[in-house]
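Here the structure comes first, spelled out in structure tokens, and everything after it is commentary.
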Amino acid sequence: MPLTPALRERLAALLGTPLLEDHALSGGDIAEVRAARCADGRRLVIKLGAKGADLASEGAQLGRLAAAGVPVPKVWLAEDAVLVMAQVEAGEALAGPAQEDLARVLAALHAQPQPFFGFECATAVGGLVQPNPQGPRWIAFFAEHRLLAMAAQGVAAGRLPIALAKRVETLAGRLERWLIEPPHPSLIHGDLWGGNVLCRGGKVAALIDPAPSYSHPVELAFGTLFSTLDDVFFDHYQRFLPIEPGFFEERRVLYTLYPLLVHVRLFGGGYGSQVDRLLSRFGL
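Just remember that our numbering sits 17 ahead of the position in the sequence shown, which is counted from 1.
Here's what the structure looks like:
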């Protein structure tokens, strides 16, 4: 739906220039996404949600990443049902120099110690709630608030068979066989697929649509699930921040279970078969 006259007036006052036009964009899990052009040439991306969409939290999460040195869109307005950001000029593939730059950005982000595992609030991935209770132990957090929580959402939605969920529960109880407690919690973007990495001029112009938490850098594993991150990325990442032994042999595969469960909950279909094969790989 077009922007209301009241919102147009608010944005004109905030930006010091009127909006000339707006149109719908594709995408958006919990909100309609629109593009707008201002009289002074600036371009905006505007998310419009229903009451309770909590788009203010997304704005705050972008601000949290920006404070940690991550390039993100400038946020002009962040309220419960509206989020207004500067449009980022991008459109290049995440390849070559851009992979190198993303490695630099993420290594710098992951190297910053955080006070606990979890986050200051629940976040959302693909429109699904991610609980983030604060705690001192990573493996317990990942088991309860990632694997078990998302498996429960999948069962409740009728997308994840109960028998498969029970195997996830068994794996969650054995994670110490394969996972390690990291030296410190790290802030992660949390939804690191190619569509959320905007590139321009061989650089990362912005990361968008965050689902942050203080975690082990599990997004390194998610980045391999759909080939977002390549060998160039990992070579450069480890120049800045070493990856603990065992990641490529075991932890990478195990950590992809969470995004697979997210995709089962969202889409069902063949993602359940991928979960089944992953669990079998770990003897379940």
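From the three backbone atoms N, C-alpha and C, an ideal C-beta is built for every residue, glycine too.
If we call anything under 8 Å between Cβ atoms a contact, is residue 101 one with residue 63? In the sequence shown, the residue the question calls residue 101 occupies position 84. In the sequence shown, the residue the question calls residue 63 occupies position 46. In this structure, residue 63 lies closer than 8 Å to residue 101 by Cβ.
To the nearest whole angstrom, what separates the beta carbons of residue 93 and residue 31, a pair I think is in contact under 8 Å? Position 76 of the sequence shown, counted from the start, is the residue given in the question as residue 93. Position 14 of the sequence shown, counted from the start, is the residue given in the question as residue 31. Confirmed, about 6 Å.
Can you tell me whether residue 297 is buried or exposed? The criterion is at least 16 other CB atoms within 10 Å of its CB, across all chains shown. Position 280 of the sequence shown, counting from 1, holds the residue named residue 297. Burial call: exposed.
Just list the residues that DSSP pairs residue 63 with in beta bridges. Sequence index remark: in the sequence shown, residue 63 carries index 46 (1-based). Looking at the DSSP assignment, residue 63 forms a beta bridge with 51 and 101.
Nearest to residue 268 by CA position, among 290, 239, 207 and 247, is which residue? Locating residue 268 in the sequence shown gives position 251, counting from the first residue. Nearest of 290, 239, 207 and 247 to residue 268, Cα basis: 239.
Pull up the distance between the alpha-carbon of residue 334 and that of residue 224, whole angstroms please. With the chain covering 18 to 301 only, the question about residue 334 has no answer from this structure.
Quick one, are the C-beta atoms of residue 77 and residue 98 less than 8 Å apart? For the purposes of this step, residue 77 is taken as the residue at position 60 of the sequence shown. For the purposes of this step, residue 98 is taken as the residue at position 81 of the sequence shown. Taking 8 Å as the Cβ cut-off, residue 77 and residue 98 do not qualify as a contacting pair.
With a threshold of 7 Å on Cβ separation, who are the neighbours of residue 249 within its own chain once the five nearest residues in sequence on each side are excluded? Along the sequence shown, read from residue 1 onward, the residue named residue 249 stands at position 232. Excluding positions up to five away in sequence, the list reads 113, 116 and 117.
Checking the sheet assignment: what are the DSSP bridge partners for residue 231? Position 214 of the sequence shown holds residue 231. DSSP, once it has assigned bridges, lists 135 and 204 as partnering residue 231.
Paired residues, beta bridge with residue 215 - DSSP: Translated into positions along the sequence shown, residue 215 becomes position 198. Bridge partners of residue 215: 223.
Taking only the alpha-carbon atoms, compute the straight-line gap between residue 139 and residue 285 and give it to the nearest angstrom. The residue given as residue 139 occupies position 122 in the sequence shown. The residue given as residue 285 occupies position 268 in the sequence shown. Roughly 24 Å separates the two Cα atoms.
Residue 303, DSSP secondary structure in three states: The first residue shown for the chain is 18 and the last is 301, placing residue 303 beyond what the model contains.
Less than 8 Å between the CB atoms is what I'm expecting for residue 167 and residue 282, so what's the real figure, rounded? For this step, residue 167 is matched to residue 150 along the sequence shown. For this step, residue 282 is matched to residue 265 along the sequence shown. About 6 Å separates the two Cβ atoms, so the contact holds.
Cutting at 7 Å between CB atoms, please list the residues of its own chain near residue 40, excluding the five before and the five after it. Mapped onto the sequence shown, residue 40 falls at position 23. Within the same chain, residue 40 has close Cβ partners 51 and 52.
By DSSP's criteria, residue 255 is part of a beta bridge. Which residues make up the other side? Within the sequence shown, the letter at position 238 stands for residue 255. Answer by DSSP bridge pairing: none, since residue 255 is not bridged.
For the candidate residues 65, 196 and 132, whose alpha-carbon lies nearest to that of residue 157? By 1-based counting over the sequence shown, the position of residue 157 is 140. Closest by alpha carbon: 196.
Give me the residue from 171, 199, 131 and 217 with the minimum Cα distance to residue 145. Within the sequence shown, numbered from 1, the residue matching residue 145 stands at position 128. Cα-wise, what sits closest to residue 145 is 171.
Taking 8 Å as the CB-CB limit, is residue 221 close to chain C? Among the chains of the structure shown, chain C does not appear; only one protein chain is present.
Using a threshold of 8 Å, state whether the C-beta atoms of residue 229 and residue 204 are closer than that. Walking along the sequence shown from the start, residue 229 turns up at place 212. Walking along the sequence shown from the start, residue 204 turns up at place 187. Result yes, Cβ atoms of residue 229 and residue 204 sit closer than 8 Å.
Assuming contact is defined by CB atoms lying nearer than 8 Å, are residue 279 and residue 295 in contact in what I supplied? In the sequence shown, the residue the question calls residue 279 occupies position 262. In the sequence shown, the residue the question calls residue 295 occupies position 278. Not closer than 8 Å, so no.
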